[in-house]
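Beneath this line is the structure, given in structure tokens, with notes to follow.
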Amino acid sequence: MKILHVVGARPNFMKVAPVWRAIDKMTDFDQLLIHTGQHYDKNMSDVFFNELELREPNKYLGVGSGSHAEQTAAIMVAIEQVLIKNKPDLVMVYGDVNSTVGTSIVCSKLLIPVGHVEAGLRSFDRTMPEEINRLITDQISDILFTPSKDANINLLREGISLEKIHLVGNVMIDTLVRLLPKSDISFMKEISYPYTLVTLHRPSNVDHDIMLREIFKTLIEISKSIQVIFPVHPRTKQKIDEFSLEIPDSGNFRLMEPIGYLDFLALQSRAKVVITDSGGIQEETTFLGVPCLTVRENTERPVTVSIGTNSLVGKDMELLKEKMYNILDGKFKHGKVPQLWDGKASMRIVKVLKSI
Ligand code: UD1
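Take the sequence shown: its position 238, counted from the start at 1, is 237 in numbering that gives the first Met the number 0, and no numbers get skipped.
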């Protein structure tokens, strides 16, 4: 069986890596890796390929940035040629980014089966571009690999037949389990414990002048009680510049360029608390048992709240501070690791593929 994997954005890379490794051990599969180039900066892409020990992509499509329509259309036009040329038996797509939806639409028109890894997650918030990507990808995929039971329930509710759905667990945790022992904090100079790790990049938080100012005001206040470390996503950096925000970069409030997977894991696993709007980080903190405050009104990963260490604070900065100070006082939920988040999800994916 010839399998073609398509990835494009930072969170895709840690998901494809374990699946690639698991399939690679099988003699009856050929694999190709295609990178759309949705993320193209060295520290948003190359560093992940190196650290995850992912092979060089067989093809790099170089689509780059643009509006959603421009970016998705560029992905579709470029991937169509690759698919026609390579004629895969199955295309594997990951997560909920524009590369995921663009590829799955093209496959469905070319009648090429699609396997969607991380299927069935729903925030029920259609203002999020990723929610649209998730809904469409799942409707037109042929094999849906889900990370948790809630995802199966969502898919069944949307009329997807049971035979297509496979609860395999969380592939992102496969990567974390493999690489946690290799992550090392020594790259971080002048770190003071305890510290808070922050990542924010969602359009709903960073694209609005007032909201972004409010967030920084709150973080600066928090930094009076605990060191704040904030690797800044390119989208957020652009907005800081566009809104001319003046942010102190002092000992207790440290902004930095986006960092690689291993360094981020080192920071995350030792953090007192993580403040984020990322999806994957809600999951990783749950696995690591680190308290996570999510600056979003909803989450497509509800098990991180019901079982794990995650709490949603929405846009309420007073609530963020309150929860933050509670954590500093030792008052927080400890959480458990959800079922099948055990480092073996990609092996279960291979088992499904072999059975087809
Ligand atoms: C994308 C995903 C989001 C994911 C995030 C992780 C979609 C719809 N969104 O959002 O789900 O959580 O990736 O990072 O697919 N830029 C650079 N260098 C890069 C990449 C982007 O400078 O390597 C800049 C571009 O100017 C671009 C902006 O960052 O306009 C945003 O990038 P884009 O890929 O459009 O969306 P993300 O916000 O990264």
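All residues carry an ideal CB built from backbone N, CA and C; glycine is no exception.
> Straight-line CA distance for residue 197 to residue 229?
Replying inline: 5 Å
> So residue 114 is in the beta strand (DSSP E); what residue range does that whole segment cover?
Replying inline: It spans 113-116 - the beta strand (DSSP E) in which residue 114 sits, taken as one unbroken run.
> Taking the alpha carbon of residue 138 as the point to measure from, which residue in 123, 152, 150 and 158 has its own alpha carbon closest?
Replying inline: For the set 123, 152, 150 and 158, the Cα lying nearest the Cα of residue 138 is the one of 158.
>> Using CA atoms only, rank isn't needed, just tell me which of 77, 261 and 177 is closest to residue 186.
In response: 261
>> With H, G and I counted as helix, E and B as strand and the rest as coil, what does DSSP make of residue 67?
In response: helix
> Based on Cα-Cα distance, which residue from 71, 149 and 280 lies nearest to residue 295?
Replying inline: Comparing Cα positions, the closest option is 280.
> Just reading off the beta strand (DSSP E) that residue 284 is part of, what are its end residues?
Replying inline: First-last for residue 284: 278-287, but that is the alpha helix (DSSP H), not the beta strand (DSSP E).
>> Quick check: does the Cβ of residue 309 come within less than 7 Å of any heavy atom belonging to the ligand UD1?
In response: It does not: the Cβ of residue 309 is nowhere closer than 7 Å to a heavy atom of the ligand UD1.
> Ends of the beta strand (DSSP E) at residue 251?
Replying inline: That residue, residue 251, is in no beta strand (DSSP E); it is neither H nor E in DSSP.
> Which whole runs of the beta strand (DSSP E) in the stretch 21-46 are 3 residues long or more, in chain order?
Replying inline: You should have 29-34.
> What do you reckon, is the C-beta of residue 59 under 7 Å from a heavy atom of the ligand UD1?
Replying inline: no
>> Tell me whether the stretch 205-222 and the stretch 298-317 touch, counting them as touching only if at least three CB pairs, one residue from each stretch, are closer than 8 Å.
In response: yes
>> Between which two residues does the alpha helix (DSSP H) holding residue 215 run?
In response: 208-221
>> Using a Cβ-based criterion (distance less than 7 Å to any ligand heavy atom), does residue 103 qualify as near the ligand UD1?
In response: no
> Alpha carbon to alpha carbon, how far is residue 218 from residue 282?
Replying inline: When rounded, the separation of the alpha-carbon atoms in residue 218 and residue 282 is 22 Å.
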